[in-house]
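Enquirer:
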Amino acid sequence: DAGVTQSPTHLIKTRGQHVTLRCSPISGHKSVSWYQQVLGQGPQFIFQYYEKEERGRGNFPDRFSARQFPNYSSELNVNALLLGDSALYLCASSLGAQTQYFGPGTRLLVL
Amino acid sequence: AQTVTQSQPEMSVQEAETVTLSCTYDTSESDYYLFWYKQPPSRQMILVIRQEAYKQQNATENRFSVNFQKAAKSFSLKISDSQLGDAAMYFCAYRSAFNDMRFGAGTRLTVKP
Chain A
1 DAGVTQSPTH LIKTRGQHVT LRCSPISGHK SVSWYQQVLG QGPQFIFQYY
51 EKEERGRGNF PDRFSARQFP NYSSELNVNA LLLGDSALYL CASSLGAQTQ
101 YFGPGTRLLV L
Chain B
112 AQTVTQSQPE MSVQEAETVT LSCTYDTSES DYYLFWYKQP PSRQMILVIR
162 QEAYKQQNAT ENRFSVNFQK AAKSFSLKIS DSQLGDAAMY FCAYRSAFND
212 MRFGAGTRLT VKP
């Protein structure tokens, strides 16, 4: 079975632009979470979706938004990019409240 | 708020030896899960081992085992017979039911041949 997939793998944007990151969960998983990992730190929680509803939101500005589609895939959108948004963005899926399985991540560089 | 602390930024072990990585957490909840994830240079986050808080028995996965001390809120990872491929960043993580995962700052493990 395929694991969690994310696209694109790498992305370079300039300040002020908008970016959309995509995630497909493991088949059968209904929960998707997004994390931001700055180099040298642990992942920080951004959003969690379960059955297409937002279940949790981390301490991130309103420039960050997400949604989950009927097929349980998800998008993370970031508007008005700042240099500090440069990071690895990780998507994780789970059946419910237990183990999260992570995708390979999208590396975003903001210039 | 739940916090996870890894007090060892870096650890080193000789190949074939045993190493223990430390983790403490703070929570007022009784039902939760604890995890160790491995992140190699590729930065893919790989699950190493999982522990349910309601289980008294420590989890074991081949060469990896944990020492879960619920009262002390401690969750250490022991790697036996260390291999070169074990070299990576190791993150301790906490998750309560349907809530987000909280990660520690990580421990960088070096394995010397």
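Chains A and B supply the protein sequences, listed in that same order. Just so we're aligned, residue 1 is where the first sequence starts under my numbering, counting upward by one. Just so we're aligned, residue 112 is where the second sequence starts under my numbering, counting upward by one. From the three backbone atoms N, C-alpha and C, an ideal C-beta is built for every residue, glycine too. Only a predicted model underlies this, so the values are computations on that prediction, with no experimental measurement involved.
Give me, in chain order, the residues of the same chain whose beta-carbon lies closer than 6 Å to that of A:Phe-47; leave out the 5 immediate sequence neighbours on both sides.
Expert: Translated into positions along the first sequence, residue 47 of chain A becomes position 47. Contacts found: Trp-34, Arg-57 and Ala-66.
Enquirer: Quick check on this structure: which residue in B:Gln-125, B:Met-122 and B:Thr-129 has the alpha carbon closest to the alpha carbon of B:Ser-191?
Expert: Residue mapping note: residue 191 of chain B aligns to position 80 of the second sequence, counting from 1. Measuring from the Cα of B:Ser-191, the nearest candidate turns out to be B:Thr-129.
Enquirer: So, is the C-beta of B:Tyr-144 closer than 8 Å to a C-beta in chain A?
Expert: Translated into the one-based positions of the second sequence, residue 144 of chain B becomes position 33. It does: the Cβ of B:Tyr-144 has a partner Cβ on chain A nearer than 8 Å.
Enquirer: With 8 Å set as the bound, which would you pick, yes or no: does the beta-carbon of A:Pro-25 sit closer than that to a beta-carbon of chain B?
Expert: Numbered from its first residue, the first sequence carries residue 25 of chain A at position 25. No - not a single Cβ of chain B is within 8 Å of the one on A:Pro-25.
Enquirer: Tell me whether B:Leu-195 sits in a helix, a strand or coil according to DSSP, three-state version.
Expert: Residue 195 of chain B sits at position 84 when you count from the first residue of the second sequence. In this structure, B:Leu-195 counts as helix in the three-state DSSP scheme.
Enquirer: Could you have a look at B:Asp-137 and say whether DSSP puts it in helix, strand or coil?
Expert: Position 26 of the second sequence, counted from the first residue, corresponds to residue 137 of chain B. If DSSP states are grouped into helix, strand and coil, B:Asp-137 belongs with the strands.
Enquirer: For B:Gln-194 and B:Thr-171, what's the separation of their Cα atoms in angstroms?
Expert: If you number the second sequence from 1, residue 194 of chain B lands on position 83. If you number the second sequence from 1, residue 171 of chain B lands on position 60. Their Cα atoms are separated by approximately 17 Å.
Enquirer: If you draw a straight line from the C-alpha of B:Gln-162 to the C-alpha of A:Val-78, how long is it?
Expert: For the purposes of this step, residue 162 of chain B is taken as residue 51 along the second sequence, with counting starting at 1. For the purposes of this step, residue 78 of chain A is taken as residue 78 along the first sequence, with counting starting at 1. Near 34 Å, if we compare the C-alpha coordinates of A:Val-78 and B:Gln-162.
Enquirer: Buried or exposed: A:Gln-68, going by 16 or more other Cβ atoms within 10 Å of its Cβ?
Expert: Numbered from 1 along the first sequence, position 68 holds the residue referred to as residue 68 of chain A. It is buried - the Cβ of A:Gln-68 has at least 16 other Cβ atoms within 10 Å.
Enquirer: Give the DSSP-derived three-state secondary structure of A:Gly-84 in the structure shown.
Expert: In the first sequence, the residue the question calls residue 84 of chain A occupies position 84. Three-state DSSP puts A:Gly-84 in a helix.
Enquirer: From the DSSP output, which residues share a beta bridge with A:Phe-47?
Expert: Within the first sequence, residue 47 of chain A is the residue found at index 47, counting from 1. Partner(s): A:Trp-34 and A:Arg-57.
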